[in-house]
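With my numbering applied, the sequence shown corresponds to residues 1 to 70, in that order. Right, one structure below, let's go through it.
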Amino acid sequence: MASPPKYPNFSFAADPEIRKLQEFLLELRDIMDGVVTHPRPAIAGRHHAKLQAAWKDAYPRFESFATEPK
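This is the structure in structure tokens:
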């Protein structure tokens, strides 16, 4: 039986190369979101505030790159 799609509400591009890039960016976004949410032990405590502030700016860019292929 096939597993359910990981991003069911996401509209991927028809071009397979762009779709692969979109999937990669979504996976990378999810990994980074996990690191920001639970930074220990990957990121030292003194860097947590800077990481969270930077992620607030970066997260929307991942969304636009993944959803608007150029």
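Every residue, glycine too, gets a C-beta built ideally from N, C-alpha and C.
- The closest CA to that of A13, considering only Q22, K6, P5 and Y7, is found on Q22.
- Going by DSSP, F24 is part of the alpha helix (DSSP H) stretching over P16 to T37.
- Judged by DSSP in its simplified three-state form, P60 adopts helix.
- In this structure, DSSP gives R40 a state outside helix and strand, which the three-state scheme calls coil.
- In the structure shown, K50 adopts helical secondary structure according to DSSP, grouped into three states.
- Each residue's CA atom was taken as its position, placing I31 and P8 some 18 angstroms apart.
- Our two residues, D15 and R46, have alpha carbons roughly 43 angstroms apart in a direct line.
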